[in-house]
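Each remark here refers to the structure printed beneath this line.
Protein chains: 2
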Amino acid sequence: MTTIDDVARAAGVSVSTVSYALSGKRPISASTRQRVERAVRELGYRPHAGARALASQRTSVLALMAPLRVDVNVGVIMQFVTGVVTRARDFEHDVLLLTQDDHAGIERVAAGSMVDAVIMMDVEAEDPRLPILRRQRQPAVLIGLPRDASGLSCVDLDFEAVARTAVDHLADLGHRRIALIGSPQAVLDRHTTYAQRMVRGFRSETERLGVEAVFEPCESSVAGAVDALDRVLARLPGVTGLVVHNEVALPAVLATLRERGIEVPRDVSVVAVCPEDVALGQVQALTAVSIPATRIGAVAVEMVMHRLDHGQEAETRLLAPELTARTTTAPAS
Amino acid sequence: MTTIDDVARAAGVSVSTVSYALSGKRPISASTRQRVERAVRELGYRPHAGARALASQRTSVLALMAPLRVDVNVGVIMQFVTGVVTRARDFEHDVLLLTQDDHAGIERVAAGSMVDAVIMMDVEAEDPRLPILRRQRQPAVLIGLPRDASGLSCVDLDFEAVARTAVDHLADLGHRRIALIGSPQAVLDRHTTYAQRMVRGFRSETERLGVEAVFEPCESSVAGAVDALDRVLARLPGVTGLVVHNEVALPAVLATLRERGIEVPRDVSVVAVCPEDVALGQVQALTAVSIPATRIGAVAVEMVMHRLDHGQEAETRLLAPELTARTTTAPAS
DNA sequence: CCCGATCGTCGAAGCGCTTCGATAACTTAG
DNA sequence: CTAAGTTATCGAAGCGCTTCGACGATCGGG
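Residue numbers (this note's numbering), protein chains in the order written: chain D, 1 to 333; chain G, 1001 to 1333.
What follows is the structure, encoded as structure tokens:
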């Protein structure tokens, strides 16, 4: 291993000069800097991460706690993770991956000074991990919105606004009977707040506009989709607007409509809530409110880095939704 | 932060005694150990990871380089990752996540002594990252099988055997016209060896048995699936056995068969090659050779830990496939 | 021309931990 | 009863880096 001593010797300067030349924390003459840089290059020098962490109290590593269960949103999760890892690199940071339920892990990596901060996905209303997080000296940012976020930063898509946007789009097209096919009951029960916020937004906006509305949770399987659709059709005959917030069920819902002879968008308009690539990867390009998962991951990193580098206070940011009209919505006939 | 000094003081022993009591590397009397443990508990002591890494040359962190692109195998990738992270914890290790194409990342984390070893997914025949890997002092294990694996460990499912198993199963049932619907052309072109090994196994086994066979690559989309199926039907009229090695296309292939009035397994038998949960999550439970992604990830960790802890040499392990007959295969009529 | 800044560099003191002798107190074999 | 091991503990030397204070040299202002 080549160390900073080797570099100092090769460049004919002291160790501290090398350190300052590399970090830029004190002025160093151009000529010295160049000699140092040359030595670094020729020796292939890499600072030892542990030594650096020990001396500087900074690790250049972020912890990311992600739900690795193989369920519903694998694709979405992956996009979050990608967003986090990619943006972290822009800030010269790497990412340590923790699994969702490894509650001890957060203590281990934070208290053990392995990371500078923690990003936590899939936060529930009363998440048991929050107290642990608050106890650490490292800042944290949550992807999601717990009931009490005091002391912690949060980012998420503004799901109430998502629902509003979807409903408004359908209502503007003249639809007066609108249904929401949503997350699985289990997700609602877990009190993952995005599902609840979506329903709340849907309820209040349909009420405000005075349109008939029903909400049905939907299991993430073919059978679940068929079931949910049947329940919607039974509870709200003559429904012409459908909001679907469930990536897995999406293709099955579409297929089932077709099988039943219900044509989209002639008979029923469909607005999906899903990542862009899902909306575009279906048989028809879907009118959709996109879930900018990569973006959210990136924003989470930005927030945490601002807290680290500029002592920024904890804050909550809700991203505004964007609806793109494509081929699955049309005026009510 | 509480340090080992605090613990030593609280327990009334020296720093080194605390260290030995905690690591067990030298005998310590039961009474002393207990006093130390008590102090640790009461002070909530956590060793500083950086300091430990600096002194011991071990970080308790593994690097995992995973393809985070949102494509085909998101589910499979997730399972690999889960397998790695979970098994790593059994060995008291955490996982640093690198993206597939961050070639510099592997140098950064290895040369910078951030990790004890590297696990790399999705290896290609002539992977440009291998030379970098070989240059590092940390051991590496590849998930996949490059042309030249010298100095590096490898694990993977034995895809030639997978093809053989699937073909044999169909042949035993009397099928004499068998097609393989495989990976997208792009994957073949990337020289990801699993796809090639699958095709090679398929070709040699069908030849050996003297059954008629065609192979068609298949894009991972609904349209791609329909296309591939059409090509198969055109090139091998009267085909009765289908091996499908493409998770994304799977549902579309099944749906298209149904639409065409081709009933499974009455008219055509289908063997899938996919993770167990995919095989069970379809409309019919699929006869399938399962891809034990979680297991492979776990094995990768085991191999790397053996190299670290017991100086084990680099080796290659190919996992034997297992076929489970379910509802989509039947004797040829 | 001298004083106080400013600039560029150095030495040394840690950061918190592991590990290598060394030592002292006991055993045990001969 | 002594020499040679054991066993349990301690002290000190690093591991490789950052950062603080100091110092000589150079500069501009009065």
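Beta carbons: idealized from backbone N, C-alpha and C, even for Gly.
Since the model is a prediction, treat every value here as computed from it, not as a measurement.
- Here the C-alpha atom of Leu1068/G lies approximately 29 Å from the C-alpha atom of Leu1323/G.
- Listed in chain order, the non-local C-beta contacts of Gln100/D below 8 Å within the same chain comprise Met65, Ala66, Pro67, Leu68, Arg69, Met121 and Asp122, local neighbours out to five positions each way being set aside.
- Contacts between Ser1221/G and chain D, judged by CB atoms closer than 9 Å, involve Gly281 in chain order.
- When the alpha-carbon of Thr1327/G is set against those of Glu1313/G, Gln1284/G and Gly1311/G, the nearest one is in Gln1284/G.
- DSSP places Met198/D in the helix class (H, G or I) of the three-state scheme.
- Looking from the CA of Ile1181/G, the closest CA among Arg1129/G, Gly1174/G, Glu1247/G and Gln1138/G belongs to Glu1247/G.
- Residue pairing from DSSP places Glu212/D in a beta bridge opposite Arg177/D.
- Straight through space, the alpha carbons of Val1273/G and Pro251/D are spaced by roughly 22 Å.
- For Leu1233/G and Ile1291/G, the gap between their C-alpha atoms comes out near 27 Å.
- Taking the C-beta atoms as reference points, Glu107/D is found no nearer than 7 Å to Ser60/D.
- Residues of the same chain with a CB within less than 8 Å of the CB of Gln79/D, apart from the 5 flanking positions on each side, are Pro275, Ala293, Thr294 and Gly297 in chain order.
- In chain order, Val214, Val232, Leu236, Val239 and Leu242 place their CB closer than 6 Å to the CB of Ala179/D, counting only its own chain and leaving out the 5 sequence neighbours on each side.
- The C-beta of Gly201/D has 16 or more other C-beta atoms within 10 Å across all chains shown, which makes the residue buried.
- Between the region 203 to 223 of chain D and the region 139 to 147 of chain D there are fewer than three inter-stretch CB-CB distances shorter than 8 Å, so the stretches are not counted as touching.
- For Gly1083/G, the uninterrupted alpha helix (DSSP H) segment begins and ends at Val1074 to Asp1090.
- Rounded to the nearest whole angstrom, the CA to CA distance from Asp1277/G to Arg1035/G is 49 Å.
- For Ala53/D, there is no enclosing beta strand (DSSP E); the enclosing alpha helix (DSSP H) covers residues Ala49 to Ser56.
- Looking from the CA of Val1271/G, the closest CA among Val1162/G, His1306/G, Glu1207/G and Arg1026/G belongs to Val1162/G.
- Beta-bridge analysis with DSSP links Cys274/D to Ser290/D.
- DSSP places Ile1119/G within a strand segment (E or B) once states are collapsed to three.
- Distances from the CA of Arg1177/G to each of Pro1331/G, Tyr1020/G and Ala1117/G were compared; the closest alpha carbon is that of Pro1331/G.
- The criterion of a C-beta distance shorter than 7 Å is not satisfied by Pro1321/G and Thr1206/G.
- Around Ala88/D, the same chain offers Leu62, Asp94, Val95 and Val301 as residues with beta carbons nearer than 7 Å, after the five sequence neighbours per side are excluded.
- If you ignore the 5 residues before and after Glu1042/G, its C-beta comes within less than 8 Å of the C-beta of Ala1010, all in its own chain and listed in chain order.
- Around Met1078/G, the beta-carbon contacts reaching into chain D at under 8 Å are Leu68, Val70, Val74, Ile77 and Met78.
- Cβ contact annotation for Pro1047/G (same chain, cutoff 8 Å, sequence separation greater than five): Ile1004 and Leu1022, in chain order.
- Note: Cys1154/G is bridge-paired with Leu1142/G and Thr1316/G in the DSSP secondary-structure output.
- Only residues of its own chain outside the window of five on either side were considered, and among them Thr1002 and Val1007 have a CB closer than 6 Å to the CB of Tyr1045/G, listed in chain order.
- Glu219/D counts as buried, since at least 16 other C-beta atoms from the protein chains shown sit within 10 angstroms of its C-beta.
- Within chain G, the C-beta atoms nearer than 9 Å to that of Ala53/D come from His1048, Ala1049, Gly1050, Ala1051, Ala1053 and Leu1054, in chain order.
- DSSP places Val15/D in the uninterrupted alpha helix (DSSP H) bounded by Val15 to Ser23.
- Under the 7 Å criterion on CB atoms, Thr99/D is classed as interfacial with respect to chain G.
- CA-to-CA, the gap between Arg190/D and Met303/D works out to about 26 Å.
- When the five nearest sequence neighbours on each side are left out, the beta carbons in the same chain lying within less than 7 Å of the beta carbon of Val1015/G are those of Ile1004, Asp1005 and Ala1008, in order along the chain.
- In this structure, Ala249/D lies near Ala225/D, with their beta-carbon atoms less than 7 Å apart.
- For Gly151/D, no Cβ of chain G is located within less than 7 Å of the residue's own Cβ.
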